[in-house]
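K.L.:
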Amino acid sequence: MTDKALPPSAPISVRPNPLLGMPLTAGGLLISLPKALDGGPTAPVYAAAAVVSALAPALVLLLSVTVGRGRITVRRGLHRTSVPLAELRSVTAEADAGRGPHTLRLESRTGARCRIPLLAVRRRDRQRLVAALERTAPPGAVREDQALRDLLGLPG
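So for the sequence shown, the working numbering puts the first residue at 2; every next one is plus one.
1. In chain order, what residues of the same chain have a beta carbon less than 7 Å from the beta carbon of L86, not counting five sequence neighbours either side?
2. When the Cα of M23 is compared with those of R106, R90 and V53, which residue comes out closest?
3. Mapping DSSP to helix, strand and coil, what is P118?
4. Beta strand (DSSP E) containing A96: first to last residue?
5. Assign E135 to one of three DSSP states: helix, strand, or coil.
6. Identify, in the order they occur along the chain, each residue of the same chain with its Cβ nearer than 6 Å to the Cβ of P118, setting aside the five sequence neighbours on each side.
7. My assumption, with CB atoms under 8 Å, is that A121 sits in contact with I13. Please give the rounded CB distance.
8. Just to confirm the assignment, what range does the alpha helix (DSSP H) spanning P102 have?
9. Name the residue from G101, R90 and R129 whose alpha carbon lies nearest to the alpha carbon of A113.
10. Quick check on this structure: which residue in A49, L31, A51 and C115 has the alpha carbon closest to the alpha carbon of R81?
11. Between the alpha carbons of T67 and V75, how many angstroms are there, rounded?
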């Protein structure tokens with residue numbers, strides 16, 4: 002399904018693309034910064050909006066997915082989940098109502114579940130992540146269905 006260019010032992014790390022939120026950040030700053038600097042009664046509100054707009058791209062740094070050393074590790078903020086690849090029972094793509102798939106769901110044999118939101122992750126990085134899981138997870142754990150193909154941006 003995806004390329005297998007990396008050796009099985011090479012760990013990969015995937016993060017969201019910080020540039021995806023830049024148009025919203027620029028728009029927020031262009032609107033709120035001039036109004037924050039004019040000194041009117043609503044200036045503090047606009048100043049707070051400008052700070053939020055400027056810091057919003059840093060939020061993508063809170064998610065990290067690493068596949069290597071026999072484990073998949075998902076870091077979301079201060080919470081870290083690590084699942085041994087040998088224990089993976091299924092890897093599937095999931096979609097919210099009305100939208101295409103943008104979440105990867107991992108389930109282990111012990112019943113532990115982990116959801117990885119991949120909406121802001123580049124398509125190429127999604128493909129690298131799934132390729133690493135295909136190489137290292139037990140055979141048949143990665144379900145190659147239409148939802149996974151949609152998540153990876155591959156033709157049906």
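Glycine included, each C-beta is placed from N, C-alpha and C at the ideal position.
P.N.:
On the basis of the data shown:
1. G71, R72, I73, T137 and A138
2. V53
3. strand
4. L89 to A96
5. helix
6. T104
7. Not a contact, Cβ separation roughly 17 Å.
8. Segment P102 to S109 is the beta strand (DSSP E) holding P102; no alpha helix (DSSP H) there.
9. R90
10. C115
11. 7 Å
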